[in-house]
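Just so we're aligned, residue 1 is where the first sequence starts under UniProt numbering, counting upward by one. A virtual CB, placed ideally from N, CA and C, is assigned to each residue, including glycine. No experiment lies behind these values; they were computed from the predicted model shown.
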Amino acid sequence: MGRQPCCEKAGLKKGSWTEEEDRKLFSFILNNGQCPWRAVPKLAGLLRCGKSCRLRWKNYLRPGLKRGVLSESEEKLIVDLHAQLGNRWSKIARNLPGRTDNEIKNYWNTHIKKKLRNMGIDPITHKPLHGGDQTVETQNPRNQTAEAESKRNGNDSRHGLQVSDSDELFSSSPVLRPDEMPMTGPHEIVFPWAHSTNNQTSSPPTGTEGDTQLLVPSWPESMYLWELDGLPVWDFFDEGEQTLSSASAFD
DNA sequence: AAATGGCGCAACCGCGCTATT
DNA sequence: CAATAGCGCGGTTGCGCCATT
């Protein structure tokens with residue numbers, strides 16, 4: 001047979017997604033549920049590789065995503081989980097409903113790492129740094145990989161070893177299991193225009209007042225999608241879990 | 001006011017795993 | 001059992017924004 005490439009590289013668009021592309025992808029999945037990602041671009045009329053569509057959906061368009069600054073409790077949870085799991089971002093993300101692995105990874109690299117170092121904690125080992133803030137971590141990101149690797153070797157399910165995903169790990173944790181997490185329902189979504197004059201898209205709202213509740217709209221940057229011409233967005237949600245789960249469109 | 005450097009985030013890349021044939 | 005398809009994951013890159021000079 002010969003393995004087909006995931007996409008024809010030539011002629012495919014790369015880089016930032018446009019509003020139009022988002023619209024197409026979103027409405028396609030809305031109407032069809034998920035089909036093999038490889039087929040999605042063609043069927044949805046997108047000049048993108050399937051992988052790119054998948055990523056866009058997963059990290060950006062998928063309903064139920066929280067966006068914006070992470071709360072202190074979320075941050076704490078990430079640190080805890082990272083101490084146990086290392087750079088297993090997807091596993092960490094599963095314990096933070098509405099957050100994506102990419103988002104967490106970025107947040108870790110840009111905020112938490114720095115914060116831990118300032119606190120005199122090595123973000124890799126989660127132990128106190130020796131001799132002041134001598135950056136134990138060299139600038140070589142590979143070290144991080146190596147560190148993660150060592151953790152993996154100890155307890156990574158991906159490699160068929162002990163820890164069975166996060167199940168075991170969090171069985172005693174107060175943290176809800178991801179599959180127990182209710183998806184954000186329409187009634188829970190706070191529209192940006194409802195309480196803010198600033199409908200700035202790409203930058204997250206700075207300083208979510210307090211970290212009590214994340215009143216962050218699900219798709220602050222994609223609100224235009226709500227205007228999808230005639231698409232039964234709310235109906236879609238209202239059909240409830242069965243739609244969501246059966247299509248498994250929001251995985 | 002312009003230049004520039006740093007930061008943060010979205011997106012891409014490549015590899016590994018699992019399911020299927 | 002081997003080959004292949006498809007997907008998921010983690011690491012890296014590139015670009016836009018913002019702060020500083």
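- Counting only the Cα atoms, Glu74 lies some 13 Å from Asp101.
- In this structure, the beta-carbon distance from Ile78 to Ile121 does not fall below 8 Å.
- Looking at the DSSP output, Ile92 bridges to nothing.
- Contact between the region 46 to 66 and the region 82 to 95 is not established, with fewer than three Cβ pairs separated by less than 8 Å.
- Listed in chain order, the non-local C-beta contacts of Leu46 below 7 Å within the same chain comprise Glu21, Lys24, Leu25, Cys53, local neighbours out to five positions each way being set aside.
- Here Glu72 is exposed, its C-beta having fewer than 16 other C-beta atoms within 10 Å.
- Straight-line measurement puts the Cα of Gly33 at about 35 Å from the Cα of Gln84.
- By the neighbour-count definition (other C-beta atoms within 10 Å, threshold 16), Asn95 is a buried residue.
- Shown here for Ala44: same chain residues with a beta carbon closer than 6 Å to its own, the five before and five after excluded, namely Lys24, Leu25, Phe28 in chain order.
- Annotation: the continuous alpha helix (DSSP H) that includes Cys53 extends over 50 to 56.
- Distance from Arg117 to Lys66 at the Cβ level is roughly 26 Å; contact not present, criterion being Cβ atoms closer than 8 Å.
- DSSP places Gln84 inside the alpha helix (DSSP H), whose first and last residues are 72 to 85.
- The closest CA to that of Asn109, considering only Gly86, Pro128, Arg62, is found on Gly86.
- In the three-state DSSP reduction, Pro128 falls in the strand class (E or B).
- By the Cβ-count criterion, Pro36 is exposed, with fewer than 16 other Cβ atoms from all chains shown falling within 10 Å of its own Cβ.
- Selection Thr18, Leu12, Ser16 evaluated against Lys42 yields Leu12 as nearest (Cα-Cα).
- For Pro41, the enclosing alpha helix (DSSP H) covers residues 40 to 44.
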